[in-house]
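Protein chains: 2
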Amino acid sequence: MASKNTTAANTLWQRQPKCNAEFFALTYGALVSELLRDLESASAVTAELDRMGHSIGIRCVEEVLAKQPANASAPQTFPATADLCVTTLRMLFGVSTDVQQVSDTVYKLQMSENPLMQFVEVPDSLKDSLEYSQLLAGLLRGLLEVLQLDVSVAASSSSGSSSDGCEITVTLQQVLQEGAGDEYHEE
Amino acid sequence: MASKNTTAANTLWQRQPKCNAEFFALTYGALVSELLRDLESASAVTAELDRMGHSIGIRCVEEVLAKQPANASAPQTFPATADLCVTTLRMLFGVSTDVQQVSDTVYKLQMSENPLMQFVEVPDSLKDSLEYSQLLAGLLRGLLEVLQLDVSVAASSSSGSSSDGCEITVTLQQVLQEGAGDEYHEE
């Protein structure tokens, strides 16, 4: 099952239109810098990155589900949504992600590297309050919200280096509507 | 000569770390929206995108030159820098770009599609004042500045659609220091 998913995710990644990841990282850095200039606190910047990611996630979800292999079904349980998150991160960056199921309502996604954090050094003064990669957390939150799952998502890349990867913790708050993800398979 | 350059550019593109171009376009859109919220006018947003691109271009130039084939030489004349711009755009997006040499001090770069403008519809009210793709113009300006060429660069994608491409006009203002690009080949 895992290897089937991995193959499907690889194929998906190959089909994606691409741009230069380093250029993306630099542009994302410009976005974060802009927010740091404009907003009052680093935690407000984190919240804004989360909001932007959420908005992107909602726009991405149909794309992600539409590009799944025809025989894939929408995840029917919360833990099963971890695979969708792994596929999504693969579609965005081509990276592989490990899943650790902590409980029925919590899983952790461990990206082996953090493509957002290339060329980035978060100053010590911001490390505690700024979550640089929160865009990804917001994105997964938006994605799962469309599947009627209210989740909280926290990114953790506080070591502040690309090669240290990024851990994303997804926690189920409530199911908004049972089986609502099914509708995405009717087309 | 053109085909040799094209092959080299293709090889360069294949070697680049990649991320999803649609995700990039959405994130860039979030950046532009943020600037539109924060700044007073659309022309101030254009200027800020130009500034960000300039800063990215300065960071990119060593990378671009370092990744050139070993036998490539730094452009010795202003018109010859068009090839470097073409290679750069290829490295960033994998797109092909046509060059039109207008005069000894002006050339136009025509990208067949505009990767920044996917999913984007610039409102009519902003079309005259906002240059959505100015980040690219600023980037090329930064790149050429490091080669000691003071240029003005204008992007034009006012039709507001990805498939309409993007025209970038590069105009030489002055040569800051003759032959200064040579130093990038000493390493």
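Residue numbers (this note's numbering), protein chains in the order written: chain A, 1 to 187; chain B, 1 to 187.
No residue lacks a Cβ here, since even glycine has one placed at the ideal position from N, Cα and C.
- Segment contact: the segment 15 to 30 of chain B against the segment 19 to 28 of chain A, three or more CB-CB distances shorter than 8 Å; contact assigned.
- Contacts between tyrosine 28 of chain B and chain A, judged by CB atoms closer than 8 Å, involve Thr27 in chain order.
- At least one CB of chain B lies nearer than 8 Å to the CB of glycine 94 of chain A.
- For leucine 149 of chain A, DSSP records a beta bridge to A:Val175.
- Annotated as proximal: serine 112 of chain B and glycine 165 of chain B, with beta-carbon spacing under 8 Å.
- At least one C-beta of chain A is nearer than 8 Å to the C-beta of glutamate 22 of chain B.
- The criterion of a C-beta distance shorter than 8 Å is not satisfied by threonine 169 of chain A and valine 95 of chain A.
- Assignment of threonine 97 of chain B by DSSP, reduced to helix, strand and coil, places it in the strand class.
- It is roughly 15 Å from the alpha-carbon of aspartate 124 of chain B to the alpha-carbon of serine 33 of chain B.
- Nearest to serine 129 of chain B by C-alpha distance, out of B:Asp83, B:Ser156 and B:Leu65, is B:Ser156.
- Glutamate 167 of chain B has B:Gln110 and B:Ser156 as its beta-bridge partners, per DSSP.
- Counting along the chain, no beta strand (DSSP E) covers lysine 127 of chain A; the unbroken alpha helix (DSSP H) around it starts and ends at 124 to 127.
- Among the residues facing chain B, aspartate 38 of chain A is included, as its CB has a counterpart in that chain under 8 Å away.
- For lysine 18 of chain B, the enclosing beta strand (DSSP E) stretches over residues 18 to 20.
- Comparing alpha-carbon positions, the option among A:Thr7, A:Trp13, A:Leu172 and A:Gln173 lying closest to leucine 92 of chain A turns out to be A:Trp13.
- For the segment 84 to 117 of chain A, residues whose beta-carbon sits nearer than 7 Å to a beta-carbon of chain B comprise Met91, Leu92, Phe93, Gly94 and Pro115.
- Alanine 82 of chain B is positioned such that its CB atom lies closer than 8 Å to that of valine 99 of chain B.
- For leucine 31 of chain A, the residues of chain B that pass the 8 Å Cβ criterion are Thr27, Ala30, Leu31 and Glu34, in the order they occur in the chain.
- With respect to threonine 87 of chain A, valine 64 of chain A sits close: the two C-beta atoms are nearer than 8 Å.
- Under the Cβ criterion of 8 Å, arginine 59 of chain B is counted among the residues facing chain A.
- Here the alpha carbons of glycine 29 of chain A and glutamine 76 of chain B stand approximately 33 Å from one another.
- Residue-level contact by beta carbon fails for lysine 67 of chain B and chain A, as no gap is shorter than 8 Å.
- For serine 103 of chain B, the pairing in a beta bridge is given by DSSP as B:Val106.
- Apart from sequence neighbours up to five positions away, the residues of its chain that approach leucine 35 of chain B with a beta-carbon distance below 6 Å are Val45 and Glu48, ordered along the chain.
- Contact annotation for isoleucine 56 of chain A against chain B: Phe23, Leu26, Thr27 and Ala30 [CB-CB distance below 8 Å, chain order].
- Aspartate 150 of chain B is a Cβ neighbour of glutamine 173 of chain B, given a cutoff of 8 Å.
- Per DSSP, reduced to three states, the secondary structure at proline 115 of chain A is helical.
- Identification of residues in the segment 123 to 136 of chain A having a C-beta nearer than 8 Å to some C-beta of chain B yields Leu135, given in sequence order.
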